[in-house]
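These protein sequence lines are chains H and Z, in that order.
Position 240 of the first sequence, counting from 1, maps to 240 under the working numbering, and the rest follow consecutively.
Position 216 of the second sequence, counting from 1, maps to 216 under the working numbering, and the rest follow consecutively.
Heads up, the beta-carbon is just placed ideally off N, CA and C, and yes, glycines get one too.
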Amino acid sequence: MGRFHRGAYIADGGYEHRVTARCLEEDLGAPEEGELESLSGHEIIRALRHKHERDPTPTDTVGPAAGAMTLGVLRYGNDHRGATWFDSRAGVLWLCAYRVHRSGMPDDAFPYFDGLRRARRIFPTDADRERALRDQAIRLVESIPEEAQRLVGEAATRQGEECAGMLGPVPVCLVVIEIEGIRELHIAVDIRRADPNMLAAVLVGLCPNPDEFGAWRPTTALPTRPLDRTCEIGYSCLLQG
Amino acid sequence: MNRLTKYVRLTSGPGGILVTLLADVFVESVMPSLTPAAPTWDVRAPTVLPLMLSAEERRSQFAAWVSNTITGPVAGPYVLSVDLDARDRDLGVVELDELVIQLGAQLKARRFGEFLLVVTTHDPSMREVVRALAASHEVPIYLAPSPYELDQAVPAMDLTPLQGSVLQVVGQVGWATTSVVAQALGSHQATISNVLANLASAGLLLRTEGSGRIGHAYGHPIAATAVATDEPLRTTVTIPDALNDEIAAIARLAGQDPGQMLTVAWQEFLDRHHDLMAATYSNMARLMKENDRAGLIELVTRSAAAHARATAPSDET
């Protein structure tokens with residue numbers, strides 16, 4: 001199972017569940033900056049975790065499918081309905097709206113969702129996405145140096161093998177090789193969820209003697225395989241000690 | 001309490017009437033110990049010479065005009081705007097070339113102490129001509145649309161990405177110390193100190209000596225007019241827009257299906273901004289050694305707002 005972190009739930013599928021500030025405040029009656037864990041007992045949050053732990057794809061859509069802007073229906077029992085949207089760039093499955101379902105009644109969930117969409121209030125705002133990015137950065141900083149050094153230690157123990165892990169929202173692969181007593185750390189960083197500031201933090205976390213950016217050498221392959229040219233960049237540095 | 005004194009003086013010059021706006025400004029800044037007083041600010045019209053003059057005569061008269069116009073050395077830092085729009089006849093390329101050469105000779109001789117020159121015109125094509133001439137003669141001038149839009153002043157010389165970022169930060173605050181710029185860019189102070197010193201040596205920044213624990217302060221042309229609107233100099237600086245734009249452009253590619261475009265964009269970014277990445281890395285390493293988590297978070301999230309705006313979903317459907 002995943003874990004809660006600040007305004008997010010980190011699902012096993014490697015993406016996050018989040019709730020838009022508008023939905024938190026207007027639909028769930030919760031403070032917009034609160035911890036999501038405080039709502040973990042709510043039916044629609046439980047549904048989000050149970051139905052989308054490993055796959056953000058909805059089984060049904062709110063209105064017609066609209067490509068990347070398709071809203072999914074989230075159901076819990078007969079009474080609870082949510083509208084979800086997966087932001088593939090940020091790796092966030094958003095709960096955009098929630099309403100109790102009363103079929104045929106004017107305050108039914110689906111007319112409500114449609115009204116929000118027409119009013120252009122249903123998708124996450126810039127402030128929502130900025131809050132998500134800040135939370136991801138905090139997760140990254142919290143993961144260094146401890147998690148970063150754990151990964152380096154594991155790779156050093158299993159020399160020549162690939163060790164995959166996550167530093168906050170950023171997937172990384174590490175390989176340590178040793179030649180004539182000199183150990184070299186090779187890394188591949190998945191840049192789909194990173195920006196250059198995050199990359200700098202990842203490198204600082206992984207390099208045990210992080211005084212010089214120049215200690216890192218750009219690479220085009222891990223010792224075990226070529227880099228995935230669509231989403232990975234590579235570096236290597238000498239391991240001290 | 002801010003105090004603002006302005007007066008207009010009419011004088012005659014070789015091309016007719018020159019309008020000179022002098023602004024002597026005293027400001028109690030929000031950072032009084034770090035921010036020097038605003039530089040003296042002059043706006044001058046360029047001279048216009050009869051077209052039938054020979055090249056030698058033109059050169060001689062331009063030299064005399066420049067010598068008379070720049071009456072320095074003046075006490076304290078000084079910003080001069082030569083407003084090409086102040087003439088009722090456009091200067092031709094030959095005249096502009098002479099103007100730039102003569103101004104450049106004076107600037108390079110550094111006869112006037114701490115001195116910045118801004119050539120202004122609303123005509124973008126004329127700005128481009130002056131920019132090309134200044135770049136060709138390596139003359140350290142700024143270009144702006146008008147003397148009252150010095151916030152848009154850009155150097156005519158080619159700069160490295162880091163120099164451009166540093167200038168943009170100084171331009172946001174008017175006067176800045178090394179530590180202010182280093183903090184804004186998340187860079188190592190030693191790196192920024194060198195860049196600032198080089199820009200000042202090149203004639204693109206004013207410099208006032210620090211004393212004791214107060215470091216040198218570096219000034220942008222905007223420092224001359226920052227108080228003309230009676231607003232205090234800003235102390236909040238942000239990451240340069242251009243850099244944010246590039247990070248945002250990378251963010252827009254993520255999550256799409258761009259083939260190798262994402263990694264190519266990253267590689268280009270890392271190549272272009274190697275110095276900045278190195279400085280960011282050093283700063284982060286220092287913060288990590290000091291266990292300053294708050295500082296690290298601030299650095300890592302400094303592009304978050306631009307990133308969020310760039311990846312806004314479009315719900316037009």
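| Just to confirm, are residue 115 of chain Z and residue 196 of chain Z a CB contact at a threshold of 9 Å? | no
| said: Taking the beta strand (DSSP E) that residue 81 of chain Z belongs to, which residues open and close that run? | reply: 78 to 83
| message | Does the structure place the stretch 133 to 143 of chain H close enough to the stretch 107 to 116 of chain H that three or more beta carbon pairs sit under 8 Å? | response | no
| request: Rounded to whole angstroms, what's the CA-CA distance from residue 195 of chain H to residue 62 of chain Z? Just pull it up for me. | output: 52 Å
| said: Counting only Cβ pairs nearer than 7 Å, list the residues of chain H close to residue 281 of chain Z. | reply: 200, 203, 204, 213
| message | Taking the alpha-carbon of residue 91 of chain H as reference, which of H:207, H:17, H:185 has the nearest alpha-carbon? | response | H:17
| said: Contact defined as beta carbons within less than 8 Å: I believe residue 202 of chain H pairs with residue 170 of chain H. What is the distance between those atoms, to the nearest angstrom? | reply: 6 Å
| said: Here's a check: name, in chain order, each residue in its chain whose Cβ is nearer than 6 Å to the Cβ of residue 188 of chain H, leaving out the five neighbours to either side. | reply: 173, 222, 227, 232, 234
| Buried or exposed by the 16-neighbour rule on C-beta atoms within 10 Å, applied to residue 222 of chain Z | buried
| query | Taking the alpha-carbon positions, what's the residue 146 of chain Z to residue 180 of chain Z distance? | reply | 28 Å
| task | In angstroms with no decimal places, state the Cα-to-Cα distance between residue 134 of chain H and residue 300 of chain Z. | result | 8 Å
| Can you list, in chain order, the residues of its chain whose CB lies under 7 Å from that of residue 219 of chain H, leaving out five sequence neighbours each side? | 186, 234, 235, 236
| said: Using the Cβ count rule (16 or more neighbours within 10 Å means buried), how would you classify residue 50 of chain H? | reply: exposed
| task | Check each residue of the stretch 158 to 191 of chain H: if its Cβ is closer than 7 Å to any Cβ of chain Z, include it; give the result in chain order. | result | 191
| query | Along chain H, which residues have their Cβ under 7 Å away from the Cβ of residue 293 of chain Z? | reply | 141
| request: Identify every residue that forms a DSSP beta bridge with residue 74 of chain H. | output: H:82
| Backbone CA spacing between residue 122 of chain H and residue 81 of chain H [nearest angstrom] | 14 Å
| Buried versus exposed call for residue 10 of chain H [16 or more other C-beta atoms within 10 Å across all chains shown] | buried
| query | For the candidate residues Z:188, Z:217, Z:94, Z:84, whose alpha-carbon lies nearest to that of residue 56 of chain Z? | reply | Z:94
| field | Where residue 138 of chain Z falls: helix, strand or coil (DSSP) | value | coil
| Where the alpha helix (DSSP H) through residue 213 of chain H begins and ends | No alpha helix (DSSP H) contains residue 213 of chain H, which DSSP labels as neither H nor E.
| Taking 8 Å as the line, does the beta carbon of residue 216 of chain Z fall inside it for any heavy atom of the ligand ADP? | For the structure depicted, the ligand ADP is absent and the ligand set is empty, with no information on it obtainable.
| said: So that I know if they touch, is there some Cβ in chain Z lying closer than 9 Å to that of residue 132 of chain H? | reply: yes
| task | Whole angstroms is fine: what's the gap from residue 149 of chain H's alpha carbon to residue 283 of chain Z's? | result | 19 Å
| said: What residue range does the alpha helix (DSSP H) around residue 112 of chain H cover? | reply: 109 to 118
| Short Cβ contact (9 Å threshold) for residue 169 of chain Z with residue 190 of chain Z | no
| request: Pick out the complete beta strand (DSSP E) segments inside the stretch 125 to 207 of chain H, 3 residues or longer, and give them in chain order. | output: 163 to 167, 170 to 179, 182 to 190
| field | Cβ neighbour criterion (16 or more within 10 Å) applied to residue 140 of chain Z | value | buried
| message | Within 10 Å of its beta-carbon, does residue 56 of chain H have 16 or more other beta-carbons around it, so buried, or fewer, so exposed? | response | buried
| task | Return yes when the Cβ of residue 184 of chain H is within less than 9 Å of the Cβ of residue 167 of chain H, no when it is not. | result | no
| request: Provide the residue span of the beta strand (DSSP E) that contains residue 238 of chain H, from first to last. | output: 232 to 238
| query | Got a sec? Which residues, its chain only, sit under 6 Å from residue 217 of chain Z by beta carbon, not counting five neighbours each side? | reply | 36, 175, 177, 208
| Would you say the stretch 159 to 169 of chain Z touches the stretch 117 to 127 of chain Z, given that touching needs at least three Cβ pairs under 8 Å? | no
| message | Any beta carbon from chain H within less than 9 Å of residue 300 of chain Z's own beta carbon? | response | yes
| said: Starting from residue 62 of chain H, trace the beta strand (DSSP E) in both directions and tell me its first and last residue. | reply: Note, residue 62 of chain H: premise wrong, no beta strand (DSSP E); not H, not E.
| message | Please state whether the Cβ-Cβ distance between residue 143 of chain Z and residue 96 of chain Z is less than 9 Å. | response | no
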